[in-house]
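Participant: With positions in the sequence shown counted from 1, the corresponding number in our numbering is that position plus 4.
Ideal Cβ placement from N, Cα and C applies to all residues, glycine included.
Can you keep this structure in mind? I'll have questions shortly.
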Amino acid sequence: MEELQEKLMQAEETSEPAQNKEKKPGKFRAFLRRKDIQFSPKRYGIDALGAMAQGLFASLLIGTIIETFGSQLHIPFLVDIGGFAKAATGPAMAIAIGHALKSPPLVLFSLAAVGYAANNLGGAGGPLAVLLITLLAAECGKAVSKETKVDILVTPLTTICIGCGTAMLLAPGIGWAASSLGGIIMWATELQPFFMGIIVSVVVGVALTLPISSAAICAALSLTGLAGGAAVAGCCAQMVGFAVMSFRENRWGGLFAQGLGTSMLQMGNIVKNPRIWIPPTLASAITGPLATCVFQLQMNGAAVSSGMGTCGLVGQIGIYTGWISDIEAGVKAAITPMDWIGLVLICFILPALLSWIFCLILRKIGWIRENDLKLSIGS
């Protein structure tokens with residue numbers, strides 16, 4: 005009996021570490037559940053990304069629209085309002101992401117500083133830097149939230165220090181990576197106009213839909229002339245294409261939000277079904293070379309306009325002001341009917357028609373299903 009009791013005691017001693025090992029992961033998972041921290045593609049790749057796009061729309065893009073109309077109508081009041089909205093881009097995106105992650109109030113409000121730092125230091129990759137860094141800062145802030153008696157100090161201190169510190173370390177590198185896309189574009193401009201038109205149109209159009217700044221890339225590269233025209237074509241193909249092909253799901257609100265705002269609103273849906281990106285990208289591969297080879301569409305306005313597409317009609321206004329500048333400089337005799345036809349076809353009609361046709365084909369074969377393009381605007 006004594007030997008049996010000793011064996012049982014030894015068995016219990018050897019089993020305790022194994023039990024402890026099993027308890028620790030259980031406690032950690034319970035902690036994550038209690039804090040609503042979910043390491044999932046849906047939470048980060050769909051919910052957070054979709055919210056960030058709305059934050060971008062409610063700041064940079066609406067601000068650009070207001071500022072552009074203010075400049076064209078010579079209303080300084082609107083120009084100032086647009087400038088204020090654009091200055092809030094980083095905080096708006098970060099707070100939107102924090103809201104999607106269901107952050108507590110102190111974490112959510114602290115993310116304004118994190119978004120400002122990440123966007124300013126991220127350069128051309130500002131939106132991408134805000135996304136990645138805000139995810140880290142928000143989850144760390146949620147982890148410490150209400151865990152101490154001095155929560156009002158600990159939570160914002162943790163969120164801001166981790167977020168801004170990470171931004172100082174990583175955001176410049178993210179910006180450099182985003183700007184490196186410009187190397188591809190500059191290489192493409194050295195090719196024949198046909199191939200250059202395809203490559204520039206597709207690359208800049210894709211950059212516009214991704215959480216990076218196509219406008220900043222074009223500005224950094226001084227992307228004007230035929231290359232600028234191809235960039236405008238690619239951006240319009242994405243914005244107008246998504247707006248038209250998703251009309252059955254999003255109706256007029258989605259049409260204006262994407263057509264005059266940003267196709268980045270579809271990033272969450274693209275993560276769920278990348279095939280929805282095929283129609284506007286194919287359309288850009290067609291309209292790009294048409295812009296460079298057939299209509300000789302050039303962006304001789306501000307380089308930043310090359311990466312704006314139809315956002316507030318900034319791209320089209322840039323082309324028009326370029327025409328005016330060329331006439332005043334004696335480079336261009338007059339604005340011809342062919343100029344207007346090319347502008348309307350490349351920026352509006354062809355992207356809408358081509359994307360709708362390609363989308364219809366993909367719907368027929370089941371690659372795009374009902375509500376794959378549905379946006380949660382305003383929800």
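Check whether the stretch 234-248 and the stretch 294-303 are in contact - that is, three or more C-beta pairs closer than 8 angstroms.
Facilitator: Enough Cβ pairs lie closer than 8 angstroms, so yes.
Participant: Would you kindly work out how many angstroms separate the C-alpha atoms of L157 and T163, rounded to a whole number?
Facilitator: Spanning the two alpha carbons is a distance of roughly 10 angstroms.
Participant: Is the CB-CB distance between N254 and K378 below 8 angstroms?
Facilitator: In this structure, K378 lies closer than 8 angstroms to N254 by Cβ.
Participant: Looking only at DSSP bridge pairs, what is G229 linked to?
Facilitator: DSSP lists M303 as partners of G229.
Participant: For G201, which of D376, I70, G232 has the nearest alpha-carbon?
Facilitator: Taking only the C-alpha atoms, the option nearest G201 is G232.
Participant: Going by C-alpha distance, which of G54, L77, A128 is nearest M97?
Facilitator: Of the candidates G54, L77, A128, the one whose C-alpha sits nearest the C-alpha of M97 is G54.
Participant: Determine the DSSP secondary structure at V154, reduced to helix, strand or coil.
Facilitator: Three-state result, V154: coil.
Participant: Any contact of the stretch 114-122 with the stretch 165-174, i.e. 3+ C-beta pairs under 8 angstroms?
Facilitator: Counting Cβ pairs under 8 angstroms, three or more are found: they touch.
Participant: If you follow the alpha helix (DSSP H) that M97 is in, where does it begin and where does it stop?
Facilitator: Taken as a continuous stretch (DSSP letters only), the alpha helix (DSSP H) holding M97 covers 93-104.
Participant: Suppose the cutoff is 8 angstroms on Cβ atoms and the five residues either side in sequence are ignored; what does the same chain contact list for G102 look like?
Facilitator: Around G102: V111, L112, L115, T138, A142.
Participant: So what does DSSP say about D330, is it helix, strand or coil?
Facilitator: Looking at D330 - three-state DSSP - the assignment turns out to be helix.
Participant: Tell me, to the nearest whole angstrom, how far the beta carbon of M56 is from that of A100; I am working on the premise that it is less than 8 angstroms.
Facilitator: 6 angstroms between Cβ atoms; contact.
Participant: Between the beta-carbon of T397 and the beta-carbon of A307, is there less than 8 angstroms?
Facilitator: Coverage of the chain is limited to positions 5 through 383, which leaves residue 397 absent and any answer about it impossible.
Participant: With DSSP run on the structure shown, which of helix, strand or coil describes Q262?
Facilitator: Helix.
Participant: Decide if M342 is buried, meaning its Cβ has at least 16 other Cβ atoms within 10 Å, or exposed.
Facilitator: Looking at its Cβ environment, which holds fewer than 16 other Cβ atoms inside 10 Å, M342 is exposed.
Participant: Verify whether the separation of the beta carbon atoms of G179 and A133 is less than 8 angstroms.
Facilitator: For G179 and A133, yes; Cβs fall inside 8 angstroms.
Participant: Can you name, in chain order, every residue of its own chain whose Cβ lies under 6 angstroms from the Cβ of M271, other than the five neighbours on each side?
Facilitator: Closer than 6 angstroms at the Cβ level, and outside the excluded window around M271, lie L53, A57.
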